[in-house]
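K.L.:
Residue numbers (the numbering used here): 921 to 1181. By construction, the Cβ of each residue, glycine as well, lies at the ideal position given by its N, Cα and C atoms. Nothing here was measured: the structure is a model prediction, and the numbers come from that model. Below: one structure in structure tokens.
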Amino acid sequence: MARIPEHIIDRVREAVDIVDVVSRYVSLKKQGKNFIGLCPFHTEKTPSFTVSPDKQIFYCFGCHTGGNVFNFLMKHEKMSFVEAIEKLAGDAGIEIPKYKADEREVSEYDRLYRANQFAADYFFQFLKNHPGQIRDYLSKRGISEKSISDFKIGYVADAWDGLYNEILRQKMSLEPFLRAGLILRSEKDPSRHYDRFRNRLMFPIYNLSGRVIAFGGRTLSSDPNTPKYVNSPESPIYNKGRVCHFRGRLHGFFTTLAKWN
Ligand SMILES: [Zn+2]
């Protein structure tokens, strides 16, 4: 079976809207936040087939068939997983690279995902081990302990080299951290490096597969010259334009931040 790189699957998932795809086969009507229609998988007279644009899933309350956009095509068009991705990639104009030629690119993406995950774990652990002050700050803003764990909210200390030293200590390669914009190289002295994020609450930004692709950092400094929010720069796995189409977890993330402004 052909193997499709994971970042291509992510791109396809982000590019398509399940409502558009299902609408090609089922006549849907908007009802509240969802769309409903007659189930294509069993015979019925009143619609129990539901499509959620927020969650990007479908579910039938009659025959309990459900899943994401890939599952819908697989079931409805009797396609394999790979065929469903190829079909949707074709519709969205996304090219699926040949596996062999793309091997290096895949591992480059993987290195970026790993660097972001490493940083997310570091920030999260830091908040976990940190005195109550920051947790008080969060709880006053309605961020529960559960949200902290669910979103893996973290904290980074007021230092230039917190993450940098941790990378060195764990003997990680610096290169993906530079590409992900977590570590910056000094312009005056290129042999010196420093953390992009300092004294900030760290909100990981996830893609739809739940992988960390970037961060939003909110300052805890009262200095009016410090920007309130600093985000990761764009990288091969983080395209700010595309993030607008992200749903679910990220939507929750933005709602959380919006409440603070
Ligand atoms: Zn059904």
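1. Take residue 1004 and list the residues in its own chain whose beta-carbon comes closer than 7 Å to its own, dropping the five residues that flank it on each side.
2. Going straight from the alpha carbon of residue 937 to that of residue 1152, what length do you get?
3. Go through its chain and collect everything with a Cβ distance to residue 971's Cβ below 7 Å, but skip five positions before and after it.
4. Can you check which of these residues, 961, 1047, 1080, 1138, is closest to residue 1150 by C-alpha distance?
5. Using 8 Å as the threshold, is the segment 1085-1098 in touch with the segment 1055-1070, meaning 3 or more CB pairs across them?
6. Quick check: is any heavy atom of ligand 1 less than 8 Å from the C-beta of residue 947?
7. Got a sec: does ligand 1 put a non-hydrogen atom nearer than 8 Å to the Cβ of residue 961?
8. Output yes or no for whether 9 Å exceeds the beta carbon distance between residue 1078 and residue 1118.
9. What number of angstroms, rounded off, separates the C-alpha of residue 1036 from the C-alpha of residue 1007?
10. Spatial neighbours of residue 1085 within its chain, please: C-beta separation below 7 Å, excluding the five flanking residues on both sides.
11. Can you find a heavy atom of ligand 1 that lies under 8 Å from the Cβ of residue 969?
12. Between the Cα of residue 981 and those of 1125, 1032, 957, spot the shortest distance and give me the residue it belongs to.
13. How would you call residue 1127, buried or exposed, if buried means at least 16 neighbouring beta carbons within 10 angstroms?
14. Say yes only if the C-beta of residue 985 is nearer than 8 Å to one or more non-hydrogen atoms of ligand 1, and no if none qualify.
15. State the Cα-Cα distance for the pair residue 984 and residue 1010, rounded to the nearest angstrom.
16. What first and last residue would you give for the beta strand (DSSP E) that runs through residue 971?
17. Going by other Cβ atoms of all chains shown within 10 Å of its Cβ, with 16 needed for buried, is residue 1074 buried or exposed?
18. From residue 1099 to residue 965, what does the alpha carbon distance come to, in whole angstroms?
19. Report whether the distance from the Cβ of residue 982 to the nearest heavy atom of ligand 1 is below 8 Å.
20. Please specify which runs of the alpha helix (DSSP H), each continuous and at least 4 residues long, are wholly inside the segment 988-1054, giving them in chain order.
21. What residues in its chain sit with their C-beta under 6 Å from that of residue 1131, if we drop five residues either side in the sequence?
22. Taking all protein chains shown into account, decide if residue 1115 is buried (16 or more other Cβ within 10 angstroms of its Cβ) or exposed.
23. Quick check: is the beta carbon of residue 1108 nearer than 9 Å to any beta carbon in chain B?
24. Determine whether the beta carbon atoms of residue 1029 and residue 1082 lie at a separation below 9 Å.
25. In whole angstroms, give me the CA-to-CA distance for residue 1104 and residue 1063.
P.N.:
The structure says:
1. Same-chain partners within the cutoff: 990, 993, 994.
2. Distance between the alpha carbons of residue 937 and residue 1152: 26 Å.
3. Excluding positions up to five away in sequence, the list reads 938, 939, 942, 948, 954, 955, 978.
4. Nearest option by C-alpha distance: 1138.
5. Contact fails: fewer than three Cβ-Cβ distances are below 8 Å.
6. No - ligand 1 has no heavy atom lying nearer than 8 Å to the Cβ of residue 947.
7. Residue 961 Cβ: within cutoff of ligand 1.
8. Yes, they are a contact pair.
9. Cα to Cα, residue 1036 sits roughly 30 Å from residue 1007.
10. No residues qualify anywhere along the chain.
11. At least one heavy atom of ligand 1 is nearer than 8 Å to the Cβ of residue 969, so yes.
12. Scanning 1125, 1032, 957 for the CA closest to the CA of residue 981 turns up 957.
13. Result: buried.
14. Yes, the Cβ of residue 985 comes within 8 Å of a heavy atom of ligand 1.
15. Going by C-alpha positions, residue 984 is about 29 Å away from residue 1010.
16. Element bounds for residue 971: 969-972.
17. Looking at its Cβ environment, which holds 16 or more other Cβ atoms inside 10 Å, residue 1074 is buried.
18. Their Cα atoms are separated by approximately 55 Å.
19. The answer is yes for residue 982.
20. Those alpha helix (DSSP H) runs which fall completely within the segment 988-1054 and span 4+ residues are 989-996, 1001-1012, 1019-1048.
21. The residues are 1033.
22. Burial call: buried.
23. Considering every chain present, this structure includes no chain B. It has just one protein chain.
24. Result no, Cβ atoms of residue 1029 and residue 1082 do not sit closer than 9 Å.
25. Each residue's alpha carbon lies about 30 Å from the other.
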